[in-house]
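> Questions regarding the structure given below will be posed in turn.
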Amino acid sequence: MTLPLFPSPPPIERPHTCHARGCREPVPPEMLMCLAHWRMVPRLIQRAVWANYRHGQCEDKNPSWAWHQAADAAIGFVARSEGFMLRPAEMEAMEAFGCR
Ligand SMILES: [Zn+2]
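Under this note's numbering, the first residue of the sequence shown carries the number 14, and numbering increases by one thereafter.
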């Protein structure tokens with residue numbers, strides 16, 4: 014019998030963090046981003062994220078397609094503002110919201 018080199022960490026709840034690229038700011042599960050990043054998101058996309066948010070979607074890991082699209086657009090918008098490369102899903106979502 015061999016002992017694992019890296020024993021798996023105890024099952025502690027990982028804190029929910031800001032979804033902006035590279036940001037590790039802990040935020041409540043119902044918030045997509047920390048306040049600093051959320052403020053960079055256009056109002057139109059902010060509204061779409063909230064409109065499609067379902068309570069508990071983070072716990073059951075099953076957000077709707079509409080929420081995903083709004084979230085991708087928000088994450089993509091912040092990423093572009095900060096000079097990061099965009100993922101294809103983010104580019105598509107931003108186009109769907111009319112941000113190029
Ligand atoms: Zn952040």
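C-beta atoms are modelled at their ideal positions from N, C-alpha and C, and glycine is treated no differently.
Taking any heavy atom of ligand 1 as the mark, which residues have a C-beta closer than 7 Å to it, listed down the chain?
Cys31, Ala33, Cys36, Glu38, Met46, Cys47, Ala49, His50
> Which residues in the same chain have their Cβ closer than 7 Å to the Cβ of leucine 57, if we skip the five residues on either side of it in sequence?
Phe110
> Specify, as a first and last residue, the run of the alpha helix (DSSP H) that phenylalanine 19 falls within.
Neither: phenylalanine 19 is in no alpha helix (DSSP H) and is coded neither H nor E.
> In this structure, what does DSSP give as the bridge partners for proline 39?
Thr30
> If you scan the stretch 61-101 from start to end, which runs of the alpha helix (DSSP H) of 4 or more residues do you find wholly inside it?
78-94
> I need the straight-line Cα distance from proline 162 to phenylalanine 19, nearest angstrom please.
No information on residue 162 is available, as it lies outside the stretch 14 to 113 that the chain covers here.
> Examine the Cβ distances between the stretch 79-94 and the stretch 58-67 and report whether three or more of them are shorter than 8 Å.
yes
> Count the other CB atoms within 10 Å of the CB of leucine 45; is the residue buried (16 or more) or exposed (fewer)?
buried
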